[in-house]
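Residue numbers (this note's numbering): 7 to 270.
For glycine and all other residues, C-beta sits at the position ideal for the given N, C-alpha and C.
Read the structure below first, then the notes.
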Ligand SMILES: [Zn+2]
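Structure follows, in structure tokens:
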């Protein structure tokens, strides 16, 4: 199979992905084939470099993503394989100009490889970011333990209060997840419906907490996307730890939370 030469800047991004995959595995946020990662690499490649490589696989994309070049993890692949086997567990694909299919231009070396079944969600989020948040090139979906637990709690039905209780646990949660967590209603994996509710989440919040499933964030690169999930999960973990110890935490006051807004 033909394959392209990876520019140095892209190589740096791939190294960050391998590093974050290690964090996800160690945190028990990426069991088996859980989670997926993508990166919008369109600006790193010239059209003539990506045309005519690989077979076109038909796929129904939103038409505006025609011409995108995306790094994306594979369906059924284990995220922990990204640590030292990224070319088997992920690929770079080029979406044709008509947005009717994609071709794999790098990686995907595993037998029977295909991109994650959440491809439609990732492509839709990248389109949303191009239009609304163009510096955010990375999308990270994973299964952060304490955030998932919170999505089973009655607080999940009261997004404002859930955020207040997470923010009140320590200043960094308010400062580094300033827009908070969106309580995204349950939708079946790999559906257009899930893509829709996730985009709704990113209109107002930093993190989309998929009810009874996992969480998704975007960032300038995969490390920044990871930071949103890591810090939000810290708030959830602190809250659950206090509850587990049998007390309702005092929490930062509303005045103290407002005072922190100068650092955002
Ligand atoms: Zn998941």
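{"Item": "Say whether chain D places a C-beta atom closer than 9 Å to the C-beta of residue 132.", "Value": "Chain labels in this structure do not include chain D; a single protein chain is all it has."}
{"Item": "At which residues does the beta strand (DSSP E) containing residue 193 begin and terminate?", "Value": "Premise fails: residue 193 is in no beta strand (DSSP E) and is neither H nor E."}
{"Item": "Would you check if the distance between the CB atom of residue 43 and the CB atom of residue 111 is smaller than 9 Å?", "Value": "no"}
{"Item": "Using only CA atoms, which one of 261, 98 and 36 lies nearest to residue 147?", "Value": "36"}
{"Item": "Assuming residue 183 and residue 237 form a contact by the criterion Cβ under 8 Å, report the distance between their Cβ atoms to the nearest whole angstrom.", "Value": "5 Å"}
{"Item": "Kindly give me the distance between the Cβ atoms of residue 61 and residue 151, rounded to whole angstroms, as I take these residues to be in contact under 8 Å.", "Value": "Not a contact, Cβ separation roughly 39 Å."}
{"Item": "First and last residue of the alpha helix (DSSP H) that includes residue 108?", "Value": "Note, residue 108: premise wrong, no alpha helix (DSSP H); beta strand (DSSP E) at 107-113."}
{"Item": "Do residue 230 and residue 211 count as a contact pair if the criterion is CB distance below 9 Å?", "Value": "no"}
{"Item": "Consider the C-beta atom of residue 232 and the heavy atoms of ligand 1; say whether any pair is separated by less than 8 Å.", "Value": "no"}
{"Item": "Could you work out which residue in 97, 17, 160 and 48 is closest to residue 217 when comparing CA atoms only?", "Value": "160"}
{"Item": "Terminal residues of the continuous alpha helix (DSSP H) containing residue 30?", "Value": "14-32"}
{"Item": "Report yes if the CB atom of residue 191 is closer than 9 Å to the CB atom of residue 181, and no otherwise.", "Value": "no"}
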